[in-house]
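*Asks:* One structure coming up, written as structure tokens, with questions to follow.
Following this line, the structure appears as structure tokens:
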């Protein structure tokens, strides 16, 4: 199946995978930011 | 309730049923009824995913929990974004390309029919029971607000949702979910604004935060590692991640949501929406509970929020109740003075000390009130779920009460509808079509699907009649899930993550996993959030060991390639 794919298709798939990788990293950084923010919020008022 | 509130609630209910039934035209085939012909946009699916997860239990139970215990519960969701990323990489493209109706259908392609049937059966039992609990939650509120008994409210609630789900299928479920989600968010934001605006003159939001913080109610993150403590940073990150992996990746009520998306990419974005929005949204809901606590520093709360038990105690132990009530009023008055002193001068350490002492006195009298209620009613007393509805109906202005009641209805109905639809899918696809009538027409299966939806609606109502007598509803639902879902996750790890696992290993591994969780729950004090990890680990280990004793399937690679090629 893979043999029939053109170089363009392979490049498109790689670009797509890269795009998703960046999205996932953004989600993880955002989550870490939220947890740290909540921890800081707790510290201020406790 | 004011006529304006009645009008809002009635208009909401009528519109939802009308809107759901309006969408029946897209559900004249089984694929349309269960998967909307895979045509829905990511934002609608994403809102549906969130609405399905956000039940009335979340609104009523967690605001009450925040009132009583603070914001620790938010840690429960810390593992959710991590789980969503893992699911986007693994499960979403896999199920979508497998062209399945149910997650369990894939297990027959990979293992065998008995593994599929067992996992689907577990789903039906656990989700059918939890659906009953989710029907019960709004009945708690309605029984207070409308003055109806719980049986009537359960039947009205369950029937209206069952009607539009039965005829409209997944199209009706998703598009009503979208509207219900908007009503929930608007209702919560308005509720918060009204609470804060009702603080006494001179008490700012900063003062409110200081008061809440002094009692530890803003402690949202607990970094200590303790297996017996339910809500800590680590139980949330690790246990919560396994719970979210199990729920969003193996529970048909969630898998079916992203299977309706237009493409794999849209399916991924739809569940990543929860990764971004869930924690802030839960923060808002818990924050409302904490602000209700602050509100009650300046207004006198009832000694017992559960009104029917309070009336019973008043009647059966009048002298004791009156003495306790008088003592409670005096303690509340002292606490109000101490709270006002903090609002006047936040930096005064002496004022904080006085406030904490006064708060401890209030808690002590209240605990004696709870003990009295337990002695009179001869059962464990918990009124956590009654705090928010009591507050709303007592202090919210006309119009806002109706809006919040509609939001609670919306939260309940969105979850119930999605679950009824998924329960019907598993019943028809995994059992009826697979084991009983294999070659009937599409019209026949469509009619059976509608009957199955009606059956599960009736089942949920019957369970609700008993579930409403249980304690904190939110924990009940999570416990139901924790007994099964970790083990189900283990089976999918074996199916997708390994080539060597066999049907025999997966089947007996699943049984071993569920028995292990039952043993852990019975004989240890480990928090339920860890059950999913235990179940998953046991299934993978036992499943792999047993698989090594049986010859592998020769076509595993071909099955995987066929799915990838699609």
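Residue numbers (our numbering), protein chains in the order written: chain A, 223 to 268; chain B, 36 to 601.
Ideal Cβ positions, reconstructed from N, Cα and C, are used throughout, including at glycine.
Can you pull the chain A neighbours of residue 307/B, defined as C-beta to C-beta under 8 Å?
*Replies:* As a first step, residue 307/B is located in the second chain; it is residue number 272 there, counting from the start. Within 8 Å Cβ-Cβ: 245, 249.
*Asks:* Among 353/B, 197/B, 542/B, which one has its Cα closest to the Cα of residue 456/B?
*Replies:* Taking the first residue of the second chain as position 1, residue 456/B is located at position 421. Of the candidates 353/B, 197/B, 542/B, the one whose C-alpha sits nearest the C-alpha of residue 456/B is 197/B.
*Asks:* If you run the structure through DSSP and keep just helix, strand and coil, what is residue 97/B?
*Replies:* Taking the first residue of the second chain as 1, we reach residue 97/B at position 62. In this structure, residue 97/B counts as helix in the three-state DSSP scheme.
*Asks:* Taking CB distances under 8 Å as the criterion, tell me whether residue 255/A reaches chain B.
*Replies:* Reading the first chain from its first residue, position 33 is the one you call residue 255/A. It does not: the Cβ of residue 255/A has no partner Cβ on chain B nearer than 8 Å.
*Asks:* Quick check on residue 406/B: does DSSP put it in helix, strand or coil?
*Replies:* Locating residue 406/B in the second chain gives position 371, counting from the first residue. Looking at residue 406/B - three-state DSSP - the assignment turns out to be helix.
*Asks:* Buried or exposed: residue 303/B, going by 16 or more other Cβ atoms within 10 Å of its Cβ?
*Replies:* Within the second chain, numbered from 1, the residue matching residue 303/B stands at position 268. Counting Cβ neighbours within 10 Å, residue 303/B comes out buried, since at least 16 surround it.
*Asks:* Using alpha carbons as the reference points, say which of 460/B, 224/B, 361/B lies closest to residue 483/B.
*Replies:* Residue mapping note: residue 483/B aligns to position 448 of the second chain, counting from 1. Here the closest residue by C-alpha is 460/B.
*Asks:* What distance in whole Å lies between the Cβ atoms of residue 55/B and residue 203/B, which are believed to be in contact at a cut-off of 8 Å?
*Replies:* Start at 1 with the first residue of the second chain, and residue 203/B comes out as number 168. Start at 1 with the first residue of the second chain, and residue 55/B comes out as number 20. So it is a contact: roughly 4 Å between Cβ atoms.
*Asks:* Could you give the distance in angstroms between the alpha-carbon of residue 246/B and the alpha-carbon of residue 318/B?
*Replies:* Translated into positions along the second chain, residue 246/B becomes position 211. Translated into positions along the second chain, residue 318/B becomes position 283. If you take the alpha carbons of residue 246/B and residue 318/B, they lie about 18 Å apart.
*Asks:* Within 8 Å of any Cβ in chain A, is that where the Cβ of residue 377/B sits?
*Replies:* Translated into positions along the second chain, residue 377/B becomes position 342. Answer no: the Cβ-Cβ gap between residue 377/B and chain A never drops below 8 Å.
*Asks:* Could you name the residues of the same chain whose beta carbon sits closer than 6 Å to that of residue 310/B, not counting the 5 residues immediately before and after it, in chain order?
*Replies:* As a working note, residue 310/B is residue 275 in the second chain. So the qualifying residues of the chain are 116, 119.
*Asks:* Pop quiz: residue 421/B and residue 175/B are said to be a contact at Cβ under 8 Å. What is the actual Cβ separation, rounded to whole angstroms?
*Replies:* Counting from one through the second chain, the residue named residue 421/B turns up at place 386. Counting from one through the second chain, the residue named residue 175/B turns up at place 140. Confirmed, about 7 Å.
*Asks:* Touch check for the stretch 62-80 of chain B and the stretch 289-301 of chain B: three-plus C-beta pairs under 8 Å?
*Replies:* Touching, per the Cβ criterion.
*Asks:* How would you call residue 586/B, buried or exposed, if buried means at least 16 neighbouring beta carbons within 10 angstroms?
*Replies:* The sequence position of residue 586/B within the second chain is 551, counting from 1. Residue 586/B should be labelled exposed.
*Asks:* Using the rule of at least 16 other Cβ atoms within 10 Å of the residue's Cβ for burial, across every protein chain shown, is residue 87/B buried or exposed?
*Replies:* By one-based count along the second chain, residue 87/B stands at place 52. Result: buried.
*Asks:* If we call anything under 8 Å between Cβ atoms a contact, is residue 195/B one with residue 185/B?
*Replies:* For this step, residue 195/B is matched to residue 160 along the second chain. For this step, residue 185/B is matched to residue 150 along the second chain. It is not a contact, given that the beta carbons lie outside the stated cut-off.
*Asks:* For a contact defined as C-beta to C-beta under 7 Å, what are the partners of residue 268/A on chain B?
*Replies:* The sequence position of residue 268/A within the first chain is 46, counting from 1. What residue 268/A touches in chain B: 248, 251, 253, 254.
*Asks:* For residue 188/B, which residues from the same chain have a beta carbon less than 8 Å from its beta carbon, with the 5 sequence-adjacent residues on both sides left out?
*Replies:* The residue you call residue 188/B lines up with position 153 of the second chain. Same-chain partners within the cutoff: 173, 174, 177, 178, 181.
*Asks:* With a threshold of 7 Å (Cβ to nearest heavy atom), would residue 48/B be considered close to the ligand GTP?
*Replies:* With respect to small molecules bound, the structure shown includes none, and the ligand GTP cannot be examined in it.
*Asks:* Quickly, what does DSSP pair residue 296/B with across the bridge? List them, please.
*Replies:* The count along the second chain starts at 1 and reaches residue 296/B at position 261. Partner(s): 75/B.
*Asks:* Taking only beta-carbon positions, decide if residue 260/A is within less than 8 Å of chain B.
*Replies:* Numbered from its first residue, the first chain carries residue 260/A at position 38. Yes, its Cβ sits closer than 8 Å to a Cβ of chain B.
*Asks:* For chain A, find out if any of its Cβ atoms is closer than 8 Å to the Cβ of residue 116/B; answer yes or no.
*Replies:* By 1-based counting over the second chain, the position of residue 116/B is 81. Chain A contact via Cβ: present.
*Asks:* On the premise that residue 306/B lies in contact with residue 293/B, defined as a C-beta separation below 8 Å, what is that separation, rounded to the nearest angstrom?
*Replies:* Along the second chain, read from residue 1 onward, the residue named residue 293/B stands at position 258. Along the second chain, read from residue 1 onward, the residue named residue 306/B stands at position 271. The Cβ separation is near 6 Å, so the contact holds.
*Asks:* Any C-beta of chain A sitting closer than 8 Å to the C-beta of residue 564/B?
*Replies:* As a working note, residue 564/B is residue 529 in the second chain. So, not an interface residue.
*Asks:* Would residue 47/B and residue 444/B qualify as a contact pair, given that the criterion is a beta-carbon distance under 8 Å?
*Replies:* In the second chain, the residue the question calls residue 47/B occupies position 12. In the second chain, the residue the question calls residue 444/B occupies position 409. Yes.
*Asks:* DSSP three-state call for residue 156/B: helix, strand or coil?
*Replies:* For the purposes of this step, residue 156/B is taken as the residue at position 121 of the second chain. Helix, per DSSP.
*Asks:* For residue 407/B, collect the residues of the same chain with a Cβ closer than 8 Å to its Cβ; drop the 5 residues on either side in sequence, then sort them by chain order.
*Replies:* By 1-based counting over the second chain, the position of residue 407/B is 372. Cβ within range, chain order: 348, 352, 355, 356, 359.
*Asks:* DSSP three-state label for residue 506/B, please.
*Replies:* Locating residue 506/B in the second chain gives position 471, where the first residue counts as 1. With a pLDDT of 49 at residue 506/B, under the threshold of 50, the modelled position of that residue is not reliable, and no figure is offered here.
*Asks:* What three-state label does DSSP hand residue 236/B in the structure shown?
*Replies:* Taking the second chain and counting its residues from 1, the one referred to as residue 236/B is at position 201. In this structure, residue 236/B counts as coil in the three-state DSSP scheme.
*Asks:* Quick check: residue 562/B and residue 262/B, are their CB atoms within less than 8 Å of each other?
*Replies:* What you label residue 562/B is simply residue 527 of the second chain in a count that begins at 1. What you label residue 262/B is simply residue 227 of the second chain in a count that begins at 1. In this structure, residue 262/B lies closer than 8 Å to residue 562/B by Cβ.
*Asks:* Could you give the distance in angstroms between the alpha-carbon of residue 121/B and the alpha-carbon of residue 428/B?
*Replies:* Along the second chain, read from residue 1 onward, the residue named residue 121/B stands at position 86. Along the second chain, read from residue 1 onward, the residue named residue 428/B stands at position 393. Answer to the nearest angstrom: the Cα atoms are 42 Å apart.
*Asks:* So what does DSSP say about residue 332/B, is it helix, strand or coil?
*Replies:* Here the question's residue 332/B lines up with position 297 in the second chain. Coil.
*Asks:* Pick out whichever of 84/B, 154/B, 191/B, 430/B has its Cα sitting closest to the Cα of residue 492/B.
*Replies:* For the purposes of this step, residue 492/B is taken as the residue at position 457 of the second chain. Of the listed residues, the one whose Cα sits closest to residue 492/B is 191/B.
*Asks:* Spatial neighbours of residue 333/B within its chain, please: C-beta separation below 8 Å, excluding the five flanking residues on both sides.
*Replies:* On the second chain, residue 333/B is found 298 positions in, with the first residue counted as 1. Once the five neighbours on either side are set aside, the close Cβ partners of residue 333/B are 234, 235, 238, 371, 374, 375.
*Asks:* Would you mind telling me which residues of chain A sit closer than 8 Å to residue 109/B, beta carbon to beta carbon, in chain order?
*Replies:* Walking along the second chain from the start, residue 109/B turns up at place 74. Under the 8 Å cutoff, chain A gives 260.
*Asks:* Taking contact to mean 3 or more Cβ pairs, one atom from each stretch, closer than 8 Å, check whether the stretch 525-543 of chain B and the stretch 143-150 of chain B are in contact.
*Replies:* Cβ pair count under 8 Å is three or more, so yes.
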